[in-house]
Structure formats: structure tokens, C-alpha cells
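Residue numbers (the numbering used here): 29 to 358.
Here it is as C-alpha cells:
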């Protein structure tokens with residue numbers, strides 16, 4: 029664990045590294061942004077846990093329970109967009125702890141990953157991969173190779189990531205409909221219309237492609253059940269890059285078995301990792317990626333820049349970006 033004292037230190041900033049250690053240049057920038065806070069950098073979770081009771085600020089891989097149990101910590105920033113863990117924070121502790129996330133840095137990479145999945149499904153490329161493994165040449169019927177242009181994509185969870193995806197799909201010729209939990213009166217660029225989550229079942233009938241980017245909340249858990257899938261076209265494509273618990277696994281398996289032309293693409297599952305005995309593994313009309321849609325060789329670069337901006341705001345007494353709403357759960 030590295031520790032450097034600042035003159036007139038006002039508290040400890042506990043920095044849990046993300047993968048590799050900080051470069052000397054990034055370390056210097058972190059210390060400059062931290063003001064008079066003592067900066068402690070470590071990738072060892074046991075050390076971070078031991079030091080948490082003395083800290084004021086925490087970021088990254090500092091164990092969440094240690095943060096909850098350390099009343100001196102006023103703010104934690106996570107390297108990820110999800111905030112499901114805040115449900116564990118007692119009501120009294122929430123009064124003194126601000127939580128921020130890395131929301132907003134995933135738009136480009138998650139859009140690219142999602143479009144890759146959509147194109148694989150629409151072009152039947154997952155079938156080609158299986159044929160390659162079996163040394164089988166099978167070009168299939170012409171109808172297997174579908175174009176995106178002119179088709180409709182329903183994006184459920186049209187926040188920052190969903191809007192980035194919608195703009196890109198629009199440029200590829202798709203008609204985009206956004207579904208939001210909150211106000212749907214504003215229509216972002218690339219979308220033909222926005223509807224509330226209450227209208228989800230109505231728009232699913234139009235969904236040649238449905239993409240779920242929903243966070244894990246009480247309202248979203250199990251929202252994609254048999255009745256939701258039944259409303260989609262029989263040759264539709266369903267993509268989940270949000271949270272796995274939005275899908276009822278047994279209902280999806282049943283739908284895939286009954287509708288061989290329907291394709292699902294899951295980057296997230298519930299639980300994770302997906303158990304070897306899960307029936308999902310054996311579905312020929314299913315594409316699985318291991319929760320990697322947000323990963324990028326530029327991830328830490330973006331996450332670190334975002335954190336430095338928030339750290340400067342904290343030191344200056346300004347409002348933090350990406351502050352988690354405890355009531356909403358994200």
C-alpha cells in the first residue's frame with residue numbers, strides 16, 4: 029500500500045486500483061485533484077478493508093461492506109455503472125454517505141457490442157460459427173440473412189447508453205422507439221418516439237429487435253417473462269445488456285424452444301457466472317457473452333478522467349456527477 033501525506037491533510041482518500049497500478053503521471057494528477065487529502069493507493073482488498081475506518085473518501089475496489097461499516101467515509105465512487113449494492117446500506121447510513129458511479133462512460137463500447145450481437149443474430153452468424161466448428165458448409169435460405177434498414181428497434185432503458193445506441197441504429201436505417209421509466213415527453217435524436225415503461229407491452233409487438241438496458245430494480249426484475257416474449261415477432265431478436273434479473277430464464281428458454289426463428293443475445297444473466305447446468309447453454313438460437321459489453325482497452329482512461337472531475341467537485345464543495353438516487357436504486 030502506497031501512502032503520501034499532503035500538507036495540512038484533512039482526511040484520507042482510499043483509492044482501490046482498477047487492474048494495473050496507477051502510473052506516476054496519474055498518481056500525480058490524483059494527488060493534485062485531492063487537495064489536502066492523504067492519498068492511499070492499493071490493489072489489496074484486505075489492506076483497503078483494514079484502512080477503511082480511517083478514511084473519508086473511497087473509490088474503486090474498496091470493499092463495499094467496509095465502506096458501509098465506516099461512518100467516517102462520506103463518499104464512495106465505483107468503477108462501474110451498476111448500483112444494486114446500495115440496497116444494503118441502512119437508512120441511517122445513507123444520510124452521511126454519497127455514492128457515485130461510472131455511468132456515462134460506456135456508451136460507445138456498449139453500443140458497438142450490442143450492434144455486433146444484433147448483426148450476428150440478424151445474419152445468422154451464430155449458426156455459421158457452429159457450422160464451422162462442425163466443418164459443415166451450410167449457407168441456409170435467403171430469408172436467414174436479414175437487413176437492419178427499415179426494421180424497428182425497441183430500446184428499453186433509454187438513458188445515456190440507450191440514447192447512444194438509438195442514434196447509431198438510426199444511422200443504420202432502423203426505426204427506434206425508446207422506453208423509459210421516467211418522463212417520456214422528450215424525444216432524443218435518433219428516436220421516432222419515447223414511451224413510458226407502462227406501454228412496454230404495446231411497443232413489443234413492433235420490436236424486430238428489443239434491447240434491454242434496464243438496471244436491477246424492484247420494478248424491472250422479471251419484466252421480460254413469457255407474456256413479454258409472446259408479444260414480440262416470432263423471428264424477433266432480444267438483447268439484454270442491462271441486468272440479468274430483468275429476464276425470467278425459464279420463460280426465455282421455453283420461448284426459444286417453441287420459436288426456433290427467435291434469437292436471444294445475453295451479455296448478462298442471473299446468476300453470474302451462468303451455471304454450467306443452465307439450459308441456456310444448450311440453446312442453438314441463443315448467443316451468450318460473459319458480461320463484457322462495457323469492457324474496453326480504454327475503460328480506465330475514461331473512468332479515471334471522470335473520477336478526477338468528481339474529485340475536484342468534492343474538494344470544491346460542488347455537486348457530484350452521477351450521484352445515486354437511493355430511492356430509484358441507480
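Every residue gets a Cβ at the ideal spot worked out from N, C-alpha and C, and that includes glycine.
Q: Starting from residue 177, trace the alpha helix (DSSP H) both ways and give me its first and last residue.
A: According to the DSSP assignment, residue 177 belongs to no alpha helix (DSSP H), since it is labelled neither H nor E.
**Q.** With 16 other Cβ atoms within 10 Å as the buried cut-off, status of residue 294
**A.** Buried: at least 16 other Cβ atoms inside 10 Å.
Q: For residue 13, collect the residues of the same chain with a Cβ closer than 6 Å to its Cβ; drop the 5 residues on either side in sequence, then sort them by chain order.
A: In the structure as shown, the chain starts at 29 and stops at 358, and residue 13 therefore has no counterpart that could be examined.
Q. Contact check, residue 270 vs residue 192 under 8 Å by CB: the rounded distance?
A. About 14 Å; that fails the 8 Å criterion.
Q | Any 3 or more C-beta pairs closer than 8 Å across the stretch 212-230 and the stretch 185-200 | A | Judged by Cβ distances under 8 Å, the stretch 212-230 makes contact with the stretch 185-200, as three or more pairs qualify.
Q: Would you tell me roughly how many angstroms separate the C-alpha atoms of residue 329 and residue 202, rounded to the nearest one?
A: Straight across, the Cα-Cα distance linking residue 329 with residue 202 is about 32 Å.
(Q) As an exercise, report each continuous beta strand (DSSP E) stretch of at least 3 residues that is fully enclosed by the stretch 181-233, in chain order. (A) Inside the stretch 181-233, DSSP marks whole beta strand (DSSP E) runs of 3 or more residues at positions 203-208, 221-224, from first to last along the chain.
Q: Could you check if residue 157 is buried or exposed, using at least 16 other CB atoms within 10 Å of its CB as the buried criterion?
A: Exposed, by the Cβ-count rule.
Q. Can the beta-carbon of residue 96 be found closer than 7 Å to that of residue 127?
A. Cβ distance not < 7 Å, so residue 96 and residue 127 don't count as in contact.
Q. From which residue to which residue does the alpha helix (DSSP H) around residue 283 run?
A. Note, residue 283: alpha helix (DSSP H), 277-286.
Q) Taking the Cβ atom as the reference point for each residue, do residue 190 and residue 146 lie within a distance shorter than 7 Å? A) Against a cut-off of 7 Å, the Cβ pair of residue 146 and residue 190 comes out as no contact.
Q: Just tell me which of 81, 272, 109, 107 has its CA closest to the CA of residue 98.
A: Among 81, 272, 109, 107, the Cα nearest to that of residue 98 belongs to 81.
Q) Excluding five sequence neighbours on each side, which residues of the same chain lie with their C-beta closer than 6 Å to the C-beta of residue 350? A) Non-local beta-carbon contacts of residue 350 in its own chain, meaning distances under 6 Å to residues more than five positions away in sequence, involve 128, 129, 131 in chain order.
Q) So, is residue 64 buried or exposed, given that buried needs 16 or more other C-beta atoms within 10 angstroms? A) So residue 64 ends up on the exposed side.
Q) Contact between the stretch 62-76 and the stretch 37-44: three or more CB pairs below 8 Å? A) Contact between the stretch 62-76 and the stretch 37-44 is present: 3 or more CB-CB pairs across the two stretches fall below 8 Å.
Q.
Going by beta-carbon coordinates alone, are residue 258 and residue 289 separated by less than 7 Å?
A. Not closer than 7 Å, so no.
Q.
Cutting at 8 Å between CB atoms, please list the residues of its own chain near residue 353, excluding the five before and the five after it.
A. None.
Q: Give the single residue among 327, 133, 91, 164 whose Cα lies nearest to the Cα of residue 113.
A: Of 327, 133, 91, 164, the residue nearest in Cα terms is 91.
**Q.** Nearest-angstrom Cβ-Cβ length linking residue 223 and residue 213, presumed shorter than 8 Å
**A.** In this structure, residue 223 and residue 213 do not form a Cβ contact; the two beta carbons are roughly 10 Å apart against a cut-off of 8 Å.
Q. For the stretch 29-91, which segments carrying the alpha helix (DSSP H) assignment without a break, of at least 4 residues, lie completely within its bounds, in sequence order?
A. Listed in chain order, the complete alpha helix (DSSP H) runs (minimum 4 residues) inside the stretch 29-91 are 52-61, 73-79.
Q) Between residue 324 and residue 106, is the Cβ-Cβ spacing less than 7 Å? A) Cβ distance not < 7 Å, so residue 324 and residue 106 don't count as in contact.
Q | Cross-strand partners of residue 252 (DSSP beta bridge) | A | DSSP output for residue 252 lists 275 as bridge partner(s).
Q) Between the C-alpha atoms of residue 70 and residue 62, what's the straight-line distance to the nearest angstrom? A) Cα to Cα, residue 70 sits roughly 16 Å from residue 62.
Q) Between the beta-carbon of residue 150 and the beta-carbon of residue 174, is there less than 7 Å? A) Closer than 7 Å, so yes.
Q: Report the option in 141, 286, 347, 159 whose CA atom is closest to the CA atom of residue 267.
A: It is 141.
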